[in-house]
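**Student:** Have a look at the structure that comes next, please.
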Amino acid sequence: MVAPGSEWPPLSGGRENSARNTNERILDANYDVRQLLNHISSNNSVKVPRPVLEYLKSIQELTADLIKNPIGQDWKL
């Protein structure tokens, strides 16, 4: 549950950016997850269910791996 009045950070990797380059979207998603995790950890009034927190952390790890090993031409059919 989120405390009333808690300001969540704006997200940049949303669907409206789907026409952009996949690697840029991965960078945006990584940034968004870091922003969310920082907001959760620095705000004692924000309570997030453990499975959601673990999912966010796994997305952070996945996007970090994708940044180190970008998706290239090999993935195109």
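The sequence shown begins at 97 in this note's numbering and counts up by one. Just so you know, even glycine gets a beta-carbon here, dropped at the ideal spot from N, CA and C. Please read all numbers here as calculations on a predicted model, not as lab measurements.
#1: Within its chain, find whatever has a CB closer than 8 Å to the CB of M97; leave out the 5 residues flanking it on each side and keep chain order.
#2: Below 8 Å between beta carbons: does that hold for I155 and N119?
#3: Using the C-alpha atoms, what's the distance from P145 back to L152?
#4: Name the two residues that bound the continuous alpha helix (DSSP H) containing S137.
#5: Whole angstroms are fine: how far does the CA of S141 sit from the CA of Y127?
#6: Is I122 buried or exposed, if buried means 16 or more other CB atoms sit within 10 Å of its CB?
#7: Can you have a look at V39 and say buried or exposed, based on whether 16 or more other CB atoms are within 10 angstroms of its CB?
**Tutor:** Put simply:
#1: As a first step, residue 97 is located in the sequence shown; it is residue number 1 there, counting from the start. The pLDDT assigned to M97 is 45, lower than 50, so where the model puts this residue is not dependable, and the model offers no usable value.
#2: Position 59 of the sequence shown, counting from 1, holds the residue named residue 155. Position 23 of the sequence shown, counting from 1, holds the residue named residue 119. In this structure, N119 does not lie closer than 8 Å to I155 by Cβ.
#3: Along the sequence shown, read from residue 1 onward, the residue named residue 152 stands at position 56. Along the sequence shown, read from residue 1 onward, the residue named residue 145 stands at position 49. Spanning the two alpha carbons is a distance of roughly 11 Å.
#4: One-based indexing of the sequence shown puts residue 137 at position 41. Here the alpha helix (DSSP H) through S137 covers 118 to 138.
#5: Position 31 of the sequence shown holds residue 127. Position 45 of the sequence shown holds residue 141. Inter-residue distance for Y127 and S141 is about 22 Å (C-alpha atoms, whole angstroms).
#6: Working through the sequence shown from its first residue, we reach residue 122 at position 26. So I122 counts as buried.
#7: An answer regarding residue 39 cannot be provided, because it is not within the stretch 97 to 173 covered by the chain.
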